[in-house]
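In the numbering used here, the protein residues as written are 67 to 352.
Scroll down for the structure; my scribbles are underneath it.
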DNA sequence: ATGTCCCTGTAACAGGGA
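Next up, the structure:
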């Protein structure tokens, strides 16, 4: 499964379709689609259906917008977060569905803008309501998306550069910690890369991506049942390169098809045939 | 520090959001 803030699904369509064909995820959570549901379906419905995806959409005309794409079923769809405030009206920032037996929450958490602003208070209240929804949910859950919070100082390129800014304040980090504690959620990408700089967002401006001056604010959090099935977890930086990228990279998590141990080891036994060595005469790929 | 990109509305730019 994967989560990706695409920053306009209309602008990102060629990149998104190519990426789906390349990575072939079973479930994808999209954020900042910036498209009403009827326009989303007109634009992408056929392309997604031909690839085997069903969709759960919660969009708006101009801002925000979230979606879940799934090849493994999409049941009990819920849009929005029960009990969450609007700003002042409800915004399209959350969609949940059960896909392949896992309750998936695809989220675009409010930005917060400035500490102690109305929008910042909205962000904290919204996260508190989300925490209750997740706490009331089943044992198999994934909470993912653009959380607009860097969990620790290791998740920003320079903590000093973020002094006085949102995304790193103690209150935001505490709200995230409370959300994780409510259901024992694990940050599966950080667990896989405990000592690496792994960013998911780089500002478009000033060559930030080129210099790897980014933040890790797109998270995949999993309950114990699901986290124990994780076989790989990474941020797909390739998708941030080249022409017409989003400012966010996708986060990809591979799950075993059954709880750990049920289908045997993933590493082939020594007797398994090895892949042929590549001939050394191939031209260098540069 | 605000150099980019994306949206809408209104008209080939302004203003908001990230």
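Just so you know, even glycine gets a beta-carbon here, dropped at the ideal spot from N, CA and C.
Item                                                                                                                         : Value
Nearest-angstrom Cα separation, counted from residue 281 out to residue 223                                                  : 6 Å
Residue environment, residue 290, which counts as buried when at least 16 other CB atoms sit within 10 Å                     : exposed
Cβ neighbour criterion (16 or more within 10 Å) applied to residue 117                                                       : exposed
Neighbourhood of residue 114 by C-beta distance below 7 Å, restricted to the same chain and skipping five residues each side : 121 and 135
Proximal residues to residue 164 (C-beta, below 6 Å), its chain only, five neighbours per side dropped                       : 141 and 142
Nearest-angstrom Cα separation, counted from residue 315 out to residue 304                                                  : 8 Å
Reference residue 257, options 235, 301, 248 and 273, closest by Cα                                                          : 301
Close-in-space but distant-in-sequence residues of the same chain around residue 167 (CB under 7 Å, 5 per side omitted)      : 206
Paired residues, beta bridge with residue 314 - DSSP                                                                         : 267
Buried versus exposed call for residue 127 [16 or more other C-beta atoms within 10 Å across all chains shown]               : exposed
Residue span of the alpha helix (DSSP H) that contains residue 292, given as start and end                                   : 290-293
Rounded Cβ spacing between residue 178 and residue 185 (contact assumed at less than 8 Å)                                    : 6 Å
Residues near residue 241 in its chain [Cβ-Cβ closer than 6 Å; skip 5 each side]                                             : 190 and 193
DSSP bridge partner residues for residue 301 (one or two, in chain order)                                                    : 317
Bounding residues of the alpha helix (DSSP H) (the contiguous stretch that carries residue 172)                              : That residue, residue 172, is in no alpha helix (DSSP H); its beta strand (DSSP E) goes 168-174.
Residue 287 and residue 239 closer than 8 Å at C-beta                                                                        : no
Candidates 152, 180, 183 and 196, of which the one nearest residue 162 by Cα                                                 : 196
Cα-Cα separation, residue 327 to residue 294                                                                                 : With a pLDDT of only 49 at residue 327, under the threshold of 50, the placement of this residue in the model should not be trusted; the figure read from the coordinates follows. For residue 327 and residue 294, the distance between alpha carbons rounds to 10 Å.
Which of helix, strand or coil DSSP assigns to residue 251                                                                   : coil
CA-to-CA distance, residue 173 to residue 148, given in whole angstroms                                                      : 13 Å
Bounding residues of the beta strand (DSSP E) (the contiguous stretch that carries residue 135)                              : 132-136
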